[in-house]
Amino acid sequence: IQSLRDSSFGLHSDRSLLGLWRFSTRQRKQRAFFQNAARHFDGTFREGNTTIAQLEAKSVISDQYDWSAMFKDPSRPLVVDIGCGMGVSLLGLASSHNSDGHSPTADSEIQINWKECNFIGVDLSRLTIRYAQGVCERWSLGGGNLNFVVDSAEECLKRISETYPGNVAMVMLQFPTPYRFQNATDDEDADGCDSGDGSTPSVARKGFNSQLPEGAASDDFMVTEKLLSQIHGVLSKYNGQLLIQSNCEDVAVHMRNVATTTVGFQSVTFSDPVTSLSAVTQRAQKWVAMGGERAIGKCWSAEPLLPTGGRTETEVACLLDCKPVHRSIVEAS
Numbered sequence: 001i002q003s004l005r006d007s008s009f010g011l012h013s014d015r016s017l018l019g020l021w022r023f024s025t026r027q028r029k030q031r032a033f034f035q036n037a038a039r040h041f042d043g044t045f046r047e048g049n050t051t052i053a054q055l056e057a058k059s060v061i062s063d064q065y066d067w068s069a070m071f072k073d074p075s076r077p078l079v080v081d082i083g084c085g086m087g088v089s090l091l092g093l094a095s096s097h098n099s100d101g102h103s104p105t106a107d108s109e110i111q112i113n114w115k116e117c118n119f120i121g122v123d124l125s126r127l128t129i130r131y132a133q134g135v136c137e138r139w140s141l142g143g144g145n146l147n148f149v150v151d152s153a154e155e156c157l158k159r160i161s162e163t164y165p166g167n168v169a170m171v172m173l174q175f176p177t178p179y180r181f182q183n184a185t186d187d188e189d190a191d192g193c194d195s196g197d198g199s200t201p202s203v204a205r206k207g208f209n210s211q212l213p214e215g216a217a218s219d220d221f222m223v224t225e226k227l228l229s230q231i232h233g234v235l236s237k238y239n240g241q242l243l244i245q246s247n248c249e250d251v252a253v254h255m256r257n258v259a260t261t262t263v264g265f266q267s268v269t270f271s272d273p274v275t276s277l278s279a280v281t282q283r284a285q286k287w288v289a290m291g292g293e294r295a296i297g298k299c300w301s302a303e304p305l306l307p308t309g310g311r312t313e314t315e316v317a318c319l320l321d322c323k324p325v326h327r328s329i330v331e332a333s
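As numbered in our numbering, residues 1 to 333 make up the sequence shown, in order.
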């Protein structure tokens, strides 16, 4: 009520983000979406003599990577949100009224002045990108410092690497759809973890999680070693940073380990690290019981890393429900 009285209520208010999160939990992704998406970008699914990719290309603006049309100043540092969903995080970071005066300090782990950046979000979902772009245009950010594209992460990164005029300051991987936990039931898979549409045990539907990627090595899991290697290739030119966030501890640990031990990212240590962690979900409890590596120590941040306006709806839902969010940053040098 107070936020309505003082006119501070908006998209990035806790209640608004929780509403978005609750809406997203009611959107059921179909297994066919993932299969068709894979076929689309492989170009292997054919209708007659025409690939699905060719058919879809007709409805996609050919110059969606025309940087001078996308940004007022395309020489600015670029922040990329992969799997951005409804674009909540970038909409907040790109809006001066949501920047919280968040400028880097000498001891800040993120040395980025958000007000001097361009932002691009990429997702395969046309529905979520339409929502994000609609808000972007309503806020008069389109053609300024923010834009969204419907594309694969790999193709977007390729175009950025080859054609973007400025440097790339950060790539963000925030709450990717988790893979199925080994030997877990549907309920245990869902418990406490974002399923890509925000599902947690209080709202997860029976059978939904059978549609999750089979495991960490599955091609259906977005954050593959190949993708992380591509991100490293883009960021290494500019000593850029990769932000990793998940509310599934095993998923967060897996992404960070592949990035640092296999791909070649360097660890960033935090002034306020995670020193203890309660396993409050069934999935986390099973992870601990099997001796899984904990998201504890100087490489995991106990505090949010982005300004308040940069929070996603999933992060806010977790914080309001007293569920942990696992945060880490690695650097490409």
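All C-beta atoms in this analysis are idealised placements derived from N, C-alpha and C, irrespective of residue type, glycine included.
The structure presented is a predicted model; accordingly, all values stated were derived computationally and were not measured.
Taking only three categories from DSSP, how would you classify residue i?
i	result
Gly-215	coil
His-331	The sequence shown places Glu at residue 331, rather than the His named in the question. Strand, per DSSP.
Val-171	strand
Lys-158	helix
Gly-166	coil
Leu-11	coil
Ser-16	helix
Cys-322	coil
Ser-301	strand
Would you mind stating whether residue i and residue j have Cβ atoms separated by less than 8 Å?
i	j	result
Gly-240	Val-168	yes
Leu-305	Ile-110	yes
Thr-95	Leu-141	The question names Thr, but residue 95 is Ser in the sequence shown. Cβ atoms of Ser-95 and Leu-141: closer than 8 Å.
Ala-295	His-326	yes
Ala-284	His-254	no
Gln-230	Val-330	no
Tyr-179	Leu-78	no
Leu-127	Thr-177	no
Asp-250	Trp-300	no
Ala-332	Leu-228	no
Val-263	Pro-324	no
Asn-340	Cys-318	What is shown of the chain runs 1 to 333, which leaves residue 340 out entirely.
Val-135	Gln-64	no
Glu-225	Val-258	yes
Quick one: is residue i buried, meaning 16 or more other Cβ sit within 10 Å of its Cβ, or exposed?
i	result
Leu-320	exposed
Gln-245	buried
Glu-116	exposed
Arg-311	buried
Phe-23	exposed
Thr-269	exposed
Ala-69	exposed
Thr-366	Here the chain has residues from 1 to 333 only, and residue 366 is not among them.
Review point. How do the region 168-177 and the region 74-82 stand: do at least 3 beta-carbon pairs fall below 8 Å, yes or no?
Key: A contact exists between the region 168-177 and the region 74-82.
**Item:** Runs of alpha helix (DSSP H) lying entirely within the region 222-295, each at least 4 residues, in chain order
**Value:** Those alpha helix (DSSP H) runs which fall completely within the region 222-295 and span 4+ residues are 225-235, 249-257, 282-289.
- Identify every run of the alpha helix (DSSP H) within the region 73-148, keeping only runs that are complete inside it and at least 4 residues long; order them along the chain. Fully contained in the region 73-148 are the following alpha helix (DSSP H) runs of length 4 or more, in chain order: 88-94, 126-138.
| request: Tell me, please, whether the region 262-278 touches the region 129-149 by the rule of three or more beta-carbon pairs shorter than 8 Å. | output: The region 262-278, when compared against the region 129-149, does not touch it at the 8 Å Cβ threshold.
- contact_flag[the region 150-157, the region 110-124] where n(CB pairs < 8 Å) is 3 or more: Counting Cβ pairs under 8 Å, three or more are found: they touch.
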